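One structure is given below, encoded as structure tokens.
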Amino acid sequence: MFGLQIAVTPPHPPPSEREKAESISLERLIRQRSGPVIVKTIIWLCTLADVAYSVAGYTPTLTRQAFRLWDKDISLCPTSYPPHPFTSPMLLVGCFVALLGGCLRLLCYKELGSMFTFEMSIRTNHRLITSGPYSYVRHPGYVGVILSVVGVALWHSSPGSWAIECGLYHTRIGCLMASLYVGITGSIIFALLRRMYKEDDALRQEFGPEWEIWAEEVPFKLIPGLI
125 MFGLQIAVTP PHPPPSEREK AESISLERLI RQRSGPVIVK TIIWLCTLAD
175 VAYSVAGYTP TLTRQAFRLW DKDISLCPTS YPPHPFTSPM LLVGCFVALL
225 GGCLRLLCYK ELGSMFTFEM SIRTNHRLIT SGPYSYVRHP GYVGVILSVV
275 GVALWHSSPG SWAIECGLYH TRIGCLMASL YVGITGSIIF ALLRRMYKED
325 DALRQEFGPE WEIWAEEVPF KLIPGLI
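Here is the structure:
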């Protein structure tokens with residue numbers, strides 16, 4: 125969860141209109157603040173429910189007496205009573221992938237500093253950063269977003285998670301939440317992948333030979349040796 129929180133939270137305020145670079149027509153999907161807020165709200169609700177489900181599973185008597193979470197009228201999990209949480213390999217993989225994505229995103233924030241914005245821009249006194257994760261691929265920040273989104277999706281669709289054990293995806297609200305998550309994150313990732321080429325063009329125009337040398341040394345955009 126913290127990996128996704130980091131990945132979709134802007135580290136700096138938006139650039140000025142003068143600093144914004146020409147981008148793709150889908151740029152508004154990336155600049156839109158409501159999408160990440162909806163995604164974070166959905167995932168935080170599922171995460172808190174997952175925690176409550178796990179606590180209830182390991183302390184059923186205490187939980188029922190203190191919170192009455194599992195009574196039929198106000199049940200968080202009507203399909204599994206008493207709750208039986210467990211940790212599956214898929215759940216662990218999802219958590220690891222999401223955390224890895226968040227850590228990679230943090231490294232990119234640190235490496236670029238104030239030059240990292242969610243909006244495509246060439247800032248005042250902009251420098252071409254070729255160190256850290258940018259010495260392996262040209263767009264590691266996008267990789268961090270993808271890993272975080274996929275990791276969280278794996279977590280909340282794995283056996284042992286609250287969403288699966290309690291049949292969330294068999295309910296209307298569950299289908300709505302899943303559709304919003306997939307729709308919003310999928311659209312943002314698609315827009316980011318389209319924007320990579322515009323970003324490369326803008327940096328090439330700004331830095332010329334310096335960018336050409338870097339692109340020759342780091343020819344891959346996302347995955348070393350593949351993409």
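According to this note's numbering, the stretch in the sequence shown is residues 125 to 351, in order. Just so it is clear, CB atoms sit at the ideal spot from N, CA and C, and this is done for glycine as well. Since the model is a prediction, treat every value here as computed from it, not as a measurement.
DSSP places Gly298 inside the alpha helix (DSSP H), whose first and last residues are 296-331. In the structure shown, Lys234 adopts helical secondary structure according to DSSP, grouped into three states. Secondary structure of Lys164 (DSSP, three-state): helix. A direct Cα-Cα distance of roughly 24 Å separates Gln329 from Phe314.
Here DSSP, grouped into helix, strand and coil, assigns Ser281 to coil. In the pairwise beta carbon analysis, the segment 241-253 is classified as not touching the segment 280-289: fewer than three pairs are separated by under 8 Å.
Here DSSP, grouped into helix, strand and coil, assigns Ser178 to helix.
With a 10 Å radius around the Cβ and a threshold of 16 neighbouring Cβ atoms, Gly310 comes out exposed. For Phe240, there is no enclosing alpha helix (DSSP H), as DSSP gives it neither H nor E. Bridge partners of Lys144 according to DSSP: Ser245. Between Glu336 and the set Cys232, Gly268, Asp324, the nearest pair of CA atoms involves Asp324.
By the beta-carbon neighbour count (other beta carbons within 10 angstroms, threshold 16), Trp168 is exposed. Annotated as proximal: Val267 and Gly225, with beta-carbon spacing under 9 Å. When the alpha-carbon of Val342 is set against those of Val261, Ser285, Ala326, Trp279, the nearest one is in Val261. Contact check for Gly275 against Pro209 fails: the beta carbons are separated by 9 Å or more.
The beta carbon of Ile130 is closer than 7 Å to those of Gly226, Arg229, Leu230 in its chain, skipping five residues each way along the sequence.
Here Thr254 has Trp338 as same chain residues with Cβ atoms under 6 Å from its own Cβ, once five neighbours each way along the sequence are excluded.
For Arg318, the closest of Leu346, Leu304, Glu340 by C-alpha to C-alpha distance is Leu346.
Secondary structure of Cys219 (DSSP, three-state): helix. Going by DSSP, Gly127 is part of the alpha helix (DSSP H) stretching over 126-131. Shown here, Leu350 sits in coil according to DSSP, grouped into three states, outside any helix or strand. For Trp279, same chain residues with a beta-carbon under 7 Å away, outside a window of 5 residues either side, are Leu215, Gly218, Cys219, Ala222, Ser285 in chain order.
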